[in-house]
Amino acid sequence: MDETRKEEALTSLRSTIRKLEKAHQSQMSRGLHAPVTAARLEAMRIAYAVVAEEDLSGFTKAHMKEAQKVLLSLLPSLFRMQTKFADNSSQHTLLVRRIRSIDLALSRMEELVGEDLCQE
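The opening position of the sequence shown corresponds to residue 59 in our numbering, with each subsequent residue numbered one higher.
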C-alpha cells in the first residue's frame, strides 16, 4: 500500500469519524435514537483500523462483514453527490478522497475477512 495514499485515506477517515461523532452526540443529546449514525461510525472506525493496520483482535468477522455492508451502502450516495460539486472545488476533492479511502478500506477488509485475524 502506497504510504501517501494510506496517509490521505487515514486523514479522510479521521475527518469522517469526527463528523459522525459530532452528529451522533448531537442526536443523542436531543434524545433521538440514531442507529444509522452509530452503524456508520462503527464502520468508519473499523475502516480506519484496517487501513492503519492496527490490531484487529477486537473485531470479529461479523463486525468486519457488517462494516463492509455499511461502507458499500454509502458509495452510491457519495457518487451521486460528486455531480453536485465543481471538479476542482474543495467539496469535490474531499468527497473524492472519502470515496478512495472507503475503497481502500473495503479492499483491505476483503483480504482480512478470510484471515485468522478476525475470529467468528
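Even glycine gets a Cβ: it sits at the ideal position worked out from N, Cα and C. Predicted model, so just to flag it, every value in this text is computed and none were measured.
At what residues does the alpha helix (DSSP H) containing Arg-138 begin and finish?
119–140
The alpha helix (DSSP H) spanning Asp-113 covers which residue range?
Segment: none, Asp-113 is in no alpha helix (DSSP H) and carries neither H nor E.
Between the CA atoms of Lys-80 and Val-171 - distance to the nearest angstrom
30 Å
Pair within 9 Å by beta-carbon distance, Glu-100 and Ala-120
no
Decide if Thr-95 is buried, meaning its Cβ has at least 16 other Cβ atoms within 10 Å, or exposed.
buried
Considering only C-alpha positions, which residue in the set Leu-164, Asp-60, Leu-78 and Ser-84 is nearest to Ser-131?
Leu-164
Rounded C-alpha distance that separates Ala-107 from Arg-166:
10 Å
Output the distance between the C-alpha atoms of Thr-151 and Asp-145, rounded to the nearest integer angstrom.
8 Å
Give me the Cα-Cα distance between Met-139 and Leu-133, rounded to the nearest whole angstrom.
10 Å
Just how far apart, CA to CA, sit Arg-155 and Ser-84?
25 Å
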